Amino acid sequence: MLSTGKEVRQTTPRNCVGWTVIPGTLELAEIERWSGPFSTDLRERAVDALEEGLVIYFPRLPFTLEARERLLLSPSVADGKAKNVSLDPASGSVKGAAPDADRAALQTMLDRFASQATQLVGELFPAYVAGLERARTSYRPVEIMGRSYSPLKDDKLLHVDAFPSTPTHGRRILRLFTNIAPAGQARIWRVGEPFEDFARKFLPSLPRPNPVSAWFFAAVGATKTRRSPYDQLMLALHDGAKRDAAYQKGAPQVEIGFPPGTTWLCYTDQVLHAALAGQFALEQTFHIDLASMVDVTRSPLRVLESLAGRPLAS
Ligand code: SIN
Ligand code: FE
C-alpha cells in the first residue's frame with residue numbers, strides 16, 4: 024500500500040516504530056519482496072510520486088546478506104581512496120576495494136543487489152523498462168558523519184546530483200538505496216524543497232551556459248561527451264547549493280532516518296538531498312530516457328527549459 028503523500032500517516036512497520044510519512048517528501052510502499060507482480064494501483068501511485076519528486080520508501084524491504092557477505096561489514100574493505108566500493112556494469116569489475124578484501128564476495132553481493140534492484144524498478148515502473156539503463160552499483164561501508172570533504176564533494180550538504188565528467192543531456196538519474204547496517208543505525212538524510220522552487224531561486228545568478236568550455240572539456244577528455252547547456256546548469260545548481268551556507272541553513276528541509284532493513288529510491292537529479300550520517304548501504308544507479316517518463320514536464324530538463332524559455336539539450 025502506498026500512502027497518498029498528501030496526508031501524514033503514522034505507521035509502525037516492524038523495524039521502524041512510529042514512522043511518520045512526511046507529506047510531499049516521502050511515499051510509503053509496504054512491499055516485502057523485490058519481485059512483483061505489483062498491483063496497478065501501487066504502480067500508478069509509485070510512478071506519480073517518483074516523477075513528482077518524492078522519495079519512495081520501502082520500510083519492509085531488506086537485502087539479506089549471505090554468511091560470507093556479512094564479513095564485508097567493515098570499513099576496511101574499501102581502499103580508503105574512493106568513498107565506495109563499486110561494480111562497473113560494463114566490465115563487471117569491482118573498484119575501490121582494499122587489496123586484501125574478499126573481492127569475490129563483494130562482486131557476488133553487488134551483483135545480486137543490482138539484479139534485485141533492477142527487477143524491482145522494472146516491475147514497479149514498467150513504462151521505464153525500454154529506456155532503463157543499469158549503471159553503477161556501490162557499497163558504502165564508511166561512516167558518513169565526521170568525514171570531511173571540500174564543500175563541492177560533501178554530500179552532507181543539500182544538492183541535486185550532477186557529475187562533472189558524465190553529462191546526461193537530460194536523461195534521468197534514479198538511485199535506489201538499502202541500509203544493510205547490522206545493528207540499529209539509521210541512514211540519516213535531509214530532503215529539501217521541490218526542484219522548481221530551488222531552481223527559481225538559483226537560476227538568475229548562475230553563469231550562462233558556455234559552449235566553448237563545453238567543447239574544451241570534451242576535447243581534453245575531461246567529460247565523456249560534450250556538456251549540454253542543461254548539464255552546465257545542473258552542475259552550477261549542484262555547486263551553487265553546496266556553496267551557499269545560508270541556503271543550506273535556511274532552506275526548507277526535513278530530516279529522515281532510514282533504519283537497517285529498509286530501502287528507498289528517488290530521482291536524485293530532482294530531489295534535493297543530503298546524507299548526514301550512516302554506515303553500510305548498498306546503492307544502485309539507473310539512467311532513464313526522458314521519453315520513458317509518464318509526465319516529462321516534471322523532469323529537471325523541462326522545468327529548467329520552461330524557466331529559461333529556451334531548449335537546453337538537443
Ligand atoms: C548522495 O547521493 O548524495 C549520498 C547518499 C547516501 O550515500 O546515502
Ligand atoms: Fe547525491
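Residue 24 is where the sequence shown starts when you use my numbering, and the numbers rise one by one after that. Glycine residues also receive a C-beta, built at the ideal position from the N, C-alpha and C atoms. This structure is a prediction, so every number in the text was calculated from the model and none was measured.
> Taking the C-alpha atoms as reference points, what is the distance between R135 and E328?
Replying inline: 38 angstroms
>> Rounding to the nearest angstrom, what Cα-Cα distance links P149 and Q255 in this structure?
In response: 31 angstroms
> Which residues share a DSSP beta bridge with K397?
Replying inline: Residue 397 cannot be examined here, being either before or after the span of the chain that is shown, 24 to 337.
> Which residues in the same chain have their Cβ closer than 8 angstroms to the Cβ of F218, if we skip the five residues on either side of it in sequence?
Replying inline: Cβ-Cβ distances below 8 angstroms link F218 to G76, V183, Q293, V294, L295, P323, V326 in the same chain, with the five nearest sequence neighbours on each side left out; the list follows chain order.
>> Three Cβ pairs or more, each shorter than 8 angstroms: is that satisfied between the region 190–205 and the region 304–318?
In response: yes
> How many whole angstroms separate the CB atoms of T22 and L84, which I take to be in contact at a CB cut-off of 8 angstroms?
Replying inline: The question about residue 22 has no answer, for the chain in this structure spans 24 to 337.
> Can you tell which of R93, K104, R66 has the C-alpha that lies nearest to the C-alpha of R170?
Replying inline: For R170, the closest of R93, K104, R66 by C-alpha to C-alpha distance is K104.
>> Just checking H296 against the ligand SIN - is the residue's beta carbon closer than 7 angstroms to any of the ligand's heavy atoms?
In response: yes
> Distance, Cα to Cα, Q33 vs V277?
Replying inline: The pLDDT assigned to Q33 is 32, lower than 50, so where the model puts this residue is not dependable; a value taken from the coordinates is nonetheless given after this. If you take the alpha carbons of Q33 and V277, they lie about 16 angstroms apart.
> Is there at least one non-hydrogen atom of the ligand SIN closer than 7 angstroms to the beta-carbon of T189?
Replying inline: no
> If you pair each beta-carbon of the region 85–92 with each one of the region 128–145, do three or more pairs fall below 8 angstroms?
Replying inline: yes
> Enumerated in chain order, which unbroken segments of the alpha helix (DSSP H) with a length of 4 residues or greater are wholly contained in the region 186–247?
Replying inline: 218–225, 234–242
> Where do the N-terminal and C-terminal ends of the alpha helix (DSSP H) with T63 fall, by residue?
Replying inline: 63–75
> According to the neighbour-count rule (16 or more other Cβ atoms, all chains shown, within 10 Å of its Cβ), is M316 buried or exposed?
Replying inline: buried
>> Under DSSP, the alpha helix (DSSP H) around T131 begins and ends at which residues?
In response: Counting along the chain, T131 sits inside the alpha helix (DSSP H) bounded by residues 126–147.
>> On a Cα-Cα basis, can you pick out the residue from A336, K224, K106, P98 that is closest to R250?
In response: A336
>> Could you check whether the Cβ of T7 sits closer than 7 angstroms to any heavy atom belonging to the ligand FE?
In response: A query on residue 7 cannot be resolved here, the shown segment of the chain reaching from 24 to 337 and no further.
>> Once DSSP output is grouped into helix, strand and coil, what is the label at T276?
In response: Inspection of the sequence shows that residue 276 is occupied by Gln rather than by Thr. Looking at Q276 - three-state DSSP - the assignment turns out to be strand.
> Would you say T308 and R195 are within 8 angstroms of each other, going by their C-beta atoms?
Replying inline: no
> Is H182 near the ligand FE, judged by its Cβ being under 7 angstroms from some heavy atom?
Replying inline: yes
>> Tell me whether F200, by its Cβ, gets closer than 7 angstroms to a heavy atom of the ligand SIN.
In response: Distances between the C-beta of F200 and the heavy atoms of the ligand SIN include at least one below 7 angstroms.
>> Here's a check: name, in chain order, each residue in its chain whose Cβ is nearer than 6 angstroms to the Cβ of P98, leaving out the five neighbours to either side.
In response: Only residues of its own chain outside the window of five on either side were considered, and among them P164, V165 have a CB closer than 6 angstroms to the CB of P98, listed in chain order.
>> By the DSSP assignment, the alpha helix (DSSP H) with Q255 in it spans what residues?
In response: Counting along the chain, the alpha helix (DSSP H) containing Q255 begins and ends at 252–266.
>> Closest to P187 by C-alpha separation, out of V108, L199, K247, would be which residue?
In response: K247
> Who are the Cβ neighbours of L181 in its own chain at under 8 angstroms, not counting the five residues just before and after it?
Replying inline: Same-chain partners within the cutoff: R213, G215, A264, K265, Y270, Q271, A274, Q276, L295, H296, A297.
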